[in-house]
Amino acid sequence: MRNRWLAAGALCALAAAVVYVLSVWTWTGQVVENRALDRAMGPGPATDLALAALSLVGSPPLILAAFALIALTGALTRTASARRRVRFGVAGAGVAMLSVAITEVLKYGLPRPLLDDAGAPLHNSFPSGHTTVAAGVAFGLMLALPPRLRVPAMLPLGAAVALIGGLTVLTGWHRVSDIAGSVLVSAALFCAAGAWLGLPETLQKGESRETPDTP
């Protein structure tokens with residue numbers, strides 16, 4: 000199973016590279032994305048609300064609080080045999096933090112050639128930092144949460160990531176490929192953590208569920 004997780008992580012990393020090359024290093028990719036960005040962005044009440052929401056997502060104190068929440072989620076849950084799940088919280092927080100760190104390095108290190116003169120202003124925005132915060136926290140929580148809560152959490156967490164990504168496009172901060180790149184970076188780290196943790200979690204005989212920690 001470990002090899003499957005590693006293979007999945009490698010595929011996510013490869014997919015992120017392909018998205019970057021096709022969207023940034025081809026004339027067609029730049030034209031399509033820049034035109035879509037031009038149509039999506041614009042002043043108005045919706046944009047103002049989007050900017051306000053994104054300012055919260057990018058707030059360093061809230062980001063640090065999210066990292067701490069992930070770690071605590073793992074530390075404060077136990078298996079039915081009373082084993083603490085500290086390493087799942089550590090792995091989840093690590094996925095979130097590394098996602099943000101790697102994204103910042105890529106965003107400022109990757110070049111964006113000028114292939115579309117009529118497009119959006121020339122600056123590299125791949126991947127999206129705000130979307131990475133949302134995706135990294137979502138994937139981190141998926142690791143830290145007890146197994147029985149992971150499936151129910153997938154829909155709201157996925158919706159939150161999609162919403163944040165959409166807001167960055169609405170404000171003109173990022174292109175669609177930036178959103179995809181962010182999710183793929185976080186997904187690759189999630190898979191690496193899954194390999195390290197040995198997911199799926201195995202239950203000992205008699206165990207059927209995860210229970211919260213009690214005094």
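The sequence shown begins at 0 in numbering that gives the first Met the number 0 and counts up by one.
Just so you know, even glycine gets a beta-carbon here, dropped at the ideal spot from N, CA and C.
Residues in its own chain within less than 6 Å of residue i by CB, not counting five upstream and five downstream?
i, result
"Leu188", "Val94, Leu97, Ser98"
"Gly193", "Trp4"
"Ile268", "Coverage of the chain is limited to positions 0 through 214, which leaves residue 268 absent and any answer about it impossible."
"Arg84", "Gly73, Thr76"
"Ala7", "Cys190"
"Ala186", "Cys11"
"Leu156", "Ala137"
"Ser22", "Gly28, Glu32, Ser176"
So the alpha helix (DSSP H) residue i belongs to, where does it begin and stop?
i, result
"Asp177", "175-196"
"Arg34", "26-39"
"Arg149", "146-169"
"Asp47", "44-56"
"Met141", "128-143"
"Trp4", "1-23"
Here's a check: name, in chain order, each residue in its chain whose Cβ is nearer than 8 Å to the Cβ of residue i, leaving out the five neighbours to either side.
i, result
"Val89", "Ala70, Gly73"
"Thr46", "Met40, Leu169, Thr170"
"Leu53", "His129, Ile163, Leu166, Thr167, Thr170, Trp172"
Who are the near neighbours of residue i in its chain, counting only those whose CB is closer than 7 Å to its CB and skipping five residues on each side?
i, result
"Glu103", "Gly128"
"Ala64", "none"
"Phe66", "Ala92, Ala95, Met96"
"Val56", "His129, Val132, Ala133, Ile163"
Taking the alpha carbon of residue i as the point to measure from, which residue in the options has its own alpha carbon closest?
i, options, result
"Leu114", "Pro151, Gly108, Val20, Trp195", "Val20"
"Leu50", "Trp195, Thr167, Val184, Asp177", "Thr167"
"Pro112", "Gly28, Cys11, Arg147", "Gly28"
"Leu215", "Asp177, Ala191, Leu53, Leu55", "Nothing about residue 215 can be reported from this structure: the residues present for the chain run from 0 to 214 only."
"Leu144", "Asn2, Glu200, Met0", "Glu200"
"Phe87", "Asn2, Asp116, Pro146", "Pro146"
"Leu68", "Gly91, Ala7, Ser58", "Gly91"
"Leu196", "Arg149, Leu142, Gly157", "Leu142"
"Ala134", "Met153, Asn123, Ser124, Asp116", "Met153"
"Trp24", "Tyr107, Cys11, Asn123, Leu48", "Asn123"
"Asp116", "Met0, Ile62, Leu148, Val30", "Val30"
Give a yes or no on whether the minimum CB-CB distance between residue i and chain B is below 7 Å.
i, result
"Thr25", "Of the chains in the structure shown, none is chain B; there is only one protein chain."
Could you tell me whether the stretch 126-139 touches the stretch 166-181, using the rule of 3 or more Cβ pairs below 8 Å? Three or more pairs of CB atoms, one per stretch, sit closer than 8 Å, so the stretch 126-139 contacts the stretch 166-181.
The stretch 151-163 touching the stretch 28-44, judged by at least three CB pairs closer than 8 Å: Contact fails: fewer than three Cβ-Cβ distances are below 8 Å.
Are there three or more Cβ pairs, one per stretch, closer than 8 Å when the stretch 97-116 is compared with the stretch 133-141? Between the stretch 97-116 and the stretch 133-141, the count of C-beta pairs closer than 8 Å reaches three or more; the two stretches touch.
Do the stretch 178-198 and the stretch 15-31 touch if we need at least three Cβ pairs shorter than 8 Å? The stretch 178-198 and the stretch 15-31 touch, with no fewer than 3 CB-CB distances between them shorter than 8 Å.
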